[in-house]
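For reference, the structure discussed in these notes is given below.
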Amino acid sequence: MYVPFENLPEDSKIWIYPSNRKFSDDEMTEIENDLKVFIENWSAHGTGLEASYLLKYNRFIILAVNQEVQQATGCSIDSSVSFIQNLEQKYQVDLLDKMNVTFKNGEHIAHKSLIDFKRMAKEKAVTANTIVFNNLVNSIEEFNENWEVPAGESWHSRFF
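Numbering (UniProt numbering), first residue to last: 1 to 160.
The following block contains the structure:
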């Protein structure tokens, strides 16, 4: 069951999928339509999940579930991963590769391999003050407080 993202409790579970490229506005419209259909039918053990999504910067797909109503289970999580894999194929993007870093480079959002980001840190092309997206946050509360943070305040700090 779809619920507006802002109406979900702060302890709702989230999953963040960063794209290796920016989606066009037309692609974003299609993805939003696909997300609405998926979330309306998303369930765990036959019980609909109270869920939502958020699209940020034409690059991030965020899924959220209110686990107070019904917890996401292995099968429901598997179905969401399958949905994301279908989006990867449809749009020829990487959404599941966790060996990448997404960060702000001025007004631009950059997406680099972990190896390239480490190299950039050594070369001082990125610093501890560079804003990174911490896609490891697990709840809406963590998302609101710790998603866009200086690299020095996230797991990325080990590179400086």
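Note that beta-carbon positions come from the ideal geometry of N, C-alpha and C, so glycine has one too.
Grouping DSSP H, G and I as helix and E and B as strand, with all else coil, what is residue i?
{"i": "H45", "result": "coil"}
{"i": "F38", "result": "helix"}
{"i": "S157", "result": "helix"}
{"i": "E30", "result": "helix"}
{"i": "N100", "result": "strand"}
{"i": "A110", "result": "strand"}
{"i": "A128", "result": "coil"}
List the endpoints of the continuous beta strand (DSSP E) containing residue i.
{"i": "K118", "result": "That residue, K118, is in no beta strand (DSSP E); its alpha helix (DSSP H) goes 114-122."}
{"i": "F143", "result": "Here F143 belongs to no beta strand (DSSP E); instead the alpha helix (DSSP H) covers 140-146."}
{"i": "A64", "result": "60-65"}
{"i": "V132", "result": "131-133"}
{"i": "P18", "result": "13-18"}
{"i": "residue 181", "result": "Residue coverage of the chain in this structure runs from 1 to 160, which leaves residue 181 outside it and unanswerable."}
Span of the alpha helix (DSSP H) holding residue i?
{"i": "V81", "result": "74-91"}
Quick one, which of the options has its alpha-carbon nearest residue i's?
{"i": "I115", "options": "I109, N105, A128, V101", "result": "V101"}
{"i": "N144", "options": "Y2, E6, M1", "result": "E6"}
{"i": "D97", "options": "L136, A64, T73", "result": "L136"}
{"i": "S80", "options": "S52, M28, H111, H156", "result": "S52"}
{"i": "L87", "options": "I14, P4, S19", "result": "S19"}
{"i": "S43", "options": "E142, Q67, I109", "result": "Q67"}
{"i": "M1", "options": "D25, M28, F38", "result": "F38"}
{"i": "S24", "options": "L49, S82, F60, H45", "result": "F60"}
When the Cα atoms are used, what is the spatial distance from residue i to residue j?
{"i": "F159", "j": "N58", "result": "27 Å"}
{"i": "E107", "j": "E10", "result": "28 Å"}
{"i": "L55", "j": "P150", "result": "21 Å"}
{"i": "K22", "j": "V93", "result": "9 Å"}
{"i": "E40", "j": "A72", "result": "14 Å"}
{"i": "I131", "j": "L63", "result": "22 Å"}
{"i": "F133", "j": "K112", "result": "12 Å"}
{"i": "T127", "j": "N146", "result": "18 Å"}
Kindly say whether residue i, judged by its beta-carbon, lies nearer than 8 Å to any beta-carbon of chain D.
{"i": "C75", "result": "Among the protein chains of the structure shown there is no chain D, as only one such chain exists."}
Does the segment 107-125 come close enough to the segment 23-32 to have 3 or more Cβ pairs within less than 8 Å? no
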